[in-house]
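Just so you know, the protein sequences line up as chains A and B, in that order. Those letters in the first sequence? Residues 102 to 214, by the numbering used here. Those letters in the second sequence? Residues 11 to 120, by the numbering used here. Ideal Cβ placement from N, Cα and C applies to all residues, glycine included. Nothing here was measured: the structure is a model prediction, and the numbers come from that model. Worksheet for the structure shown next.
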Amino acid sequence: DVKVTQSSRYLVKRTGEKVFLECVQDMDHENMFWYRQDPGLGLRLIYFSYDVKMKEKGDIPEGYSVSREKKERFSLILESASTNQTSMYLCASRDRASYNEQFFGPGTRLTVL
Amino acid sequence: GDSVTQMEGPVTLSEEAFLTINCTYTATGYPSLFWYVQYPGEGLQLLLKATKADDKGSNKGFEATYRKETTSFHLEKGSVQVSDSAVYFCALRGYSTLTFGKGTMLLVSP
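In structure tokens:
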């Protein structure tokens, strides 16, 4: 079974802090994704990565950056957290084949005070 | 750009009722279509998919048919259970990424 794990289920940070959200997958998938999920807005893509050291902006990259130094790990970074970044963050991975599904982690609920 | 529109919820049903959750899409070309489900406290998991027109995806009693003429991919189940209570997301795969609808919450009571 594919497993996507995220470093924390719940996280509370203060405005202005630097925040790291970590995601690890164990299926040697090339593609990895970060989404945020908000009520009434569904899932919105923040960043994705086709392979190690590659990254592409999604629909809402502002205020975020990412790092992919190893194939299995994709990190989302909030350089200076703000209250409007309070959200559920979901990581996903997928192999390179065109129609294969994305596998999601359980999510990190981040609260910025 | 690509977009997915699905009916707003919550949808509230009694156990054994018939379920339909509507989903329509806008996309160039012929995207693959998906339904994902999110149970409380969990991430999303793929429920079913269809990759071309007239394909029917099915899983766990749920079905959806890819209708190109109406650009729709409605989710149906003949008899829902309490354990089906979850949020359901319709999605399409464009060139490289998924575009999701806003999700529809389903609440099934005994």
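Legend entry - residue 132/A, DSSP secondary structure in three states: Taken through DSSP and simplified to helix, strand or coil, residue 132/A comes out as strand.
Legend entry - beta strand (DSSP E) segment containing residue 166/A, residue limits: Counting along the chain, the beta strand (DSSP E) containing residue 166/A begins and ends at 166–171.
Inset, instruction - Starting from residue 178/A, follow its DSSP beta bridges and name the residues at the other end. - result: Beta bridge pairing from DSSP links residue 178/A with 121/A and 166/A.
Legend entry - 6 angstroms Cβ shell around residue 212/A - same chain, five flanking residues per side excluded: 113 and 187
Inset, instruction - For the segment 50–80 of chain B, enumerate the residues whose C-beta is nearer than 8 angstroms to any C-beta of chain A, in chain order. - result: 51, 52, 53, 54, 55, 56, 59 and 61
Inset, instruction - Check each candidate in 106/A, 189/A and 115/A and name the one with the smallest Cα separation from residue 50/B. - result: 189/A
Inset, instruction - For residue 110/B, return the contacting residues in chain A, with the cut-off set at a CB-CB distance below 7 angstroms. - result: 143 and 144
Legend entry - 8 angstroms Cβ cut-off: residues of chain A touching residue 107/B: 134, 146, 149 and 159
Legend entry - CA-to-CA distance, residue 214/A to residue 184/A, given in whole angstroms: 6 angstroms
Inset, instruction - Can you give me, in chain order, the residues of the segment 188–199 of chain A that have a beta carbon less than 7 angstroms from any beta carbon in chain B? - result: 191
Inset, instruction - Specify the secondary structure class of residue 106/B as computed by DSSP and reduced to three states. - result: coil
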